[in-house]
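Offset between the sequence shown (1-based) and the working numbering: plus 861.
Here the structure comes first, spelled out in structure tokens, and everything after it is commentary.
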Amino acid sequence: MKHDLPSTAVGFKEWAYVCESLVQGVQSLILRKGGIHEGRGGFEWKHRQFFLFPTWFHTQGERLTWVPENAESFPPEDERTSVEIDGFATLEQVWKVTDWSQMEEIAPLHVWKEEIVKERFVYDEESCLHVALVRAYKLPERWSFPYSKSYGGCRSWVNLPEQGLSLLEKAVPAMPDAEWDAVARQLRDLLN
862 MKHDLPSTAV GFKEWAYVCE SLVQGVQSLI LRKGGIHEGR GGFEWKHRQF FLFPTWFHTQ
922 GERLTWVPEN AESFPPEDER TSVEIDGFAT LEQVWKVTDW SQMEEIAPLH VWKEEIVKER
982 FVYDEESCLH VALVRAYKLP ERWSFPYSKS YGGCRSWVNL PEQGLSLLEK AVPAMPDAEW
1042 DAVARQLRDL LN
């Protein structure tokens, strides 16, 4: 991995298929409005480096334009006994987008269906979304550890066991450098 390694293991909770799209190099964006338990200030990018913590609900495949070829299903959160993590990401740049036309322009760069993006965009008092350009990395092996109830709930960030940090030295970029640079340039041209 090109970046300095973090000293603590933090997970960013995201739909399992979105995590997979990042790890497979299908996209380099995360769209976020915020979880119910994010507090009065709403969602905030508290960490610049994080593990991609997959969450599951049975209809997520219907809300995306892309699903993995051998799409796995996961047990409901209240039945989970373990967590399997395949990826890590670094936050490269964030935009708070308040103009729906900009969201339409970046649609080819992500896997969410338009109606889901629109639903998130108009949700709450302010019509906006945080668009994050991330650099995703594939871990050298799947990191599996016991599920804890502390990982549950509508929050974006969770603290994870420290042993996962040892996998980062051998993590490889999910998207080739030239391709990622082109996506980053296109996104910056559209949103800056």
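Idealized CB from N, CA, C, for every residue including glycine.
Fully contained in the segment 948-1005 is no beta strand (DSSP E) run of length 3 or more. Of the residues Pro-1034, Arg-1049, Ser-1005, Thr-920, the one whose Cα lies closest to the Cα of Thr-942 is Ser-1005. With respect to Glu-987, Thr-951 sits apart: the two C-beta atoms are not nearer than 9 Å. In the DSSP assignment, Arg-893 falls within the unbroken beta strand (DSSP E) covering 890-893. In chain order, Ala-870 place their CB closer than 6 Å to the CB of Glu-1023, counting only its own chain and leaving out the 5 sequence neighbours on each side. Remark: C-beta atoms of Tyr-1012 and Val-955 do not approach each other more closely than 9 Å. Residue environment for Thr-916: buried (at least 16 other C-beta atoms within 10 angstroms of its C-beta).
When DSSP states are grouped into helix, strand and coil, Ser-1011 belongs to the helix group. It is roughly 10 Å from the alpha-carbon of Asp-939 to the alpha-carbon of Gly-1014. As DSSP reads the structure, Leu-1028 sits in no beta bridge. In the DSSP assignment, Leu-1052 falls within the unbroken alpha helix (DSSP H) covering 1038-1052. Going by DSSP, Leu-883 is part of the alpha helix (DSSP H) stretching over 877-884.
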